[in-house]
Amino acid sequence: MTIPNIITFCRFLMVPGVIYALLQGEMVPAFVIFVLAGLSDGIDGFIARQFNQQSELGSYLDPIADKLLLISVFIMLAILNYLPHWLVVLVVSRDVLIMIAVVLSSLMTHPITVNPLLVSKANTAFQIALAAIVLAELAFEVRFGDLQTILVYVVTLLTILSAGAYLRVWIHHMTDVE
């Protein structure tokens, strides 16, 4: 087991912690755990690349841990009415549709390798920023002006563009005659 994979496993363990903190209304711990999880994502990737500790297991676990954290936080923030429900439905639906496409292509014996697209990376970055801003506002009782509203619309746009881009790649892959 590599150090980056251990760090990724720890990120999985942070998800219940941030959910519990949010359920208890403990916004400072929720924010701190979320930030630590985000930092751990950067650290595990850095260590994996710098010390040649990249692994197949890590290539699967890392994005799953990221999605689990983001989706869990988004769902909790919507349940607590800090994010619009429609946005969370959109974000989660996009991820579910991507998973269905991957499974379907495998079942049809035409498996696809999903490589992150630039628009998807931007989408994830803005989702992280939105969650961090909402948690920071709740934790420290500050307001960053209209930043949250702007980020909601940026995440909406990027989620739609990302879903469309992945759909285009998938359709091309599935209809490609070899």
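Residues in the sequence shown are numbered from 7 upward in steps of one, following the numbering used here.
Every residue, glycine too, gets a C-beta built ideally from N, C-alpha and C.
If you're wondering where the values come from, they're calculated on a predicted model, not measured in any experiment.
What number of angstroms, rounded off, separates the C-alpha of Val109 from the C-alpha of Tyr172? Your numbering for residue 109 matches position 103 in the sequence shown. Your numbering for residue 172 matches position 166 in the sequence shown. Whole-angstrom Cα-Cα distance: 14 Å.
Run of the alpha helix (DSSP H) containing Gln56, from where it starts to where it stops: The residue given as residue 56 occupies position 50 in the sequence shown. Start and end: 33-56.
Between Leu124 and Ala138, what straight-line distance do the alpha-carbon atoms span, to the nearest angstrom? Here residue 124 corresponds to residue number 118 of the sequence shown, with the count starting at 1. Here residue 138 corresponds to residue number 132 of the sequence shown, with the count starting at 1. If you take the alpha carbons of Leu124 and Ala138, they lie about 21 Å apart.
Check whether Asp50 and Asn87 have beta carbons under 9 Å apart: Position 44 of the sequence shown, counted from the first residue, corresponds to residue 50. Position 81 of the sequence shown, counted from the first residue, corresponds to residue 87. No, the pair does not count as a contact, with Cβ atoms beyond the cut-off.
In or out: Asn129 buried (at least 16 other Cβ within 10 Å) or exposed? The residue labelled residue 129 in the question sits at position 123 within the sequence shown. Residue burial is scored here from C-beta neighbours: Asn129 has at least 16 other C-beta atoms within 10 angstroms and is therefore classed as buried.
Excluding sequence positions up to five away, which residues of its chain have a Cβ less than 7 Å from the Cβ of Ala169? If you number the sequence shown from 1, residue 169 lands on position 163. Same-chain partners within the cutoff: Arg100, Leu103.
Report the option in Leu74, Glu32, Ile25, Ser78 whose CA atom is closest to the CA atom of Thr3. Because the chain spans 7 through 184 in this model, residue 3 falls outside it and cannot be assessed.
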